[in-house]
Structures are given as structure tokens and as C-alpha cells.
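Numbering (the UniProt record's numbering), first residue to last: 1 to 90. For each residue, glycine too, the CB sits at the ideal point set by N, CA and C. Please read these numbers as outputs of a predicted model, since none were measured by experiment. To start, the structure itself, in C-alpha cells.
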Amino acid sequence: MAWMAWTIPTAIFFGVIACLLIIFTILAIKYPETPRVGILRIETTRGDRLFITLLGSAFINLIWLGLEVAPQPYALLACLVYAVAVFRWV
Numbered sequence: 001m002a003w004m005a006w007t008i009p010t011a012i013f014f015g016v017i018a019c020l021l022i023i024f025t026i027l028a029i030k031y032p033e034t035p036r037v038g039i040l041r042i043e044t045t046r047g048d049r050l051f052i053t054l055l056g057s058a059f060i061n062l063i064w065l066g067l068e069v070a071p072q073p074y075a076l077l078a079c080l081v082y083a084v085a086v087f088r089w090v
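If you want it as C-alpha cells, here you go:
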């Protein structure tokens with residue numbers, strides 16, 4: 001596929017997303033859950049919180065790139081803190 005640059009980081013990124021989806025599917029089958037209401041005042045499941053985390057992490061990385069706050073790998077730390085917060089309180 002000449003239209004996309006498949007580099008090792010790109011492959012790792014898509015591999016991690018695929019693994020997360022598989023893990024969350026298995027968790028949903030083995031341990032069904034009831035939706036809970038967090039600080040957003042909407043019912044969310046694990047899958048909803050994963051989606052919110054991935055979407056927010058994309059925005060964190062875009063803002064990080066745009067503002068040139070620090071080297072990009074530090075954005076990963078910000079995303080991990082954000083993910084913990086989303087899964088804890090949303």
C-alpha cells in the first residue's frame with residue numbers, strides 16, 4: 001500500500017488499539033457490567049470510557065504538537081494520567 005507510510009510506530013499504534021478492543025470484548029463477555037454515572041452525568045460502560053480516553057488522547061497529542069510544550073513522548077504521560085482519570089471518575 002503506497003498511500004500510507006507503514007512504519008514500526010504506526011504498526012504498534014494500530015496493534016495496541018486492536019489489542020485493547022479484543023481485551024475489552026473479552027472483559028465484556030466474561031464480566032458483564034452495568035453502566036455507571038460519573039462526573040459527566042451520563043451512563044458509561046468500560047467501552048464508552050475507552051472511547052472517551054482514545055478521543056481525548058488524540059486531542060491531547062494534537063494540542064501538544066501545536067503548542068510545542070515539550071518533547072512528544074511526554075504527551076504519553078499526560079495521556080496516561082488522563083486515561084486513569086477517565087476510568088476512575090467518568
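Any contact of the segment 21 to 28 with the segment 38 to 51, i.e. 3+ C-beta pairs under 8 Å? yes
Should threonine 53 be labelled buried (16 or more other beta-carbon atoms within 10 Å of its own) or exposed? buried
Determine whether the beta carbon atoms of alanine 75 and tryptophan 89 lie at a separation below 8 Å. Cβ distance not < 8 Å, so alanine 75 and tryptophan 89 don't count as in contact.
Closest Cα partner of glycine 56 within the set Thr7, Leu27, Glu68, Phe87: Phe87
In whole angstroms, what separates the C-alpha of tryptophan 6 from that of isoleucine 17? 15 Å
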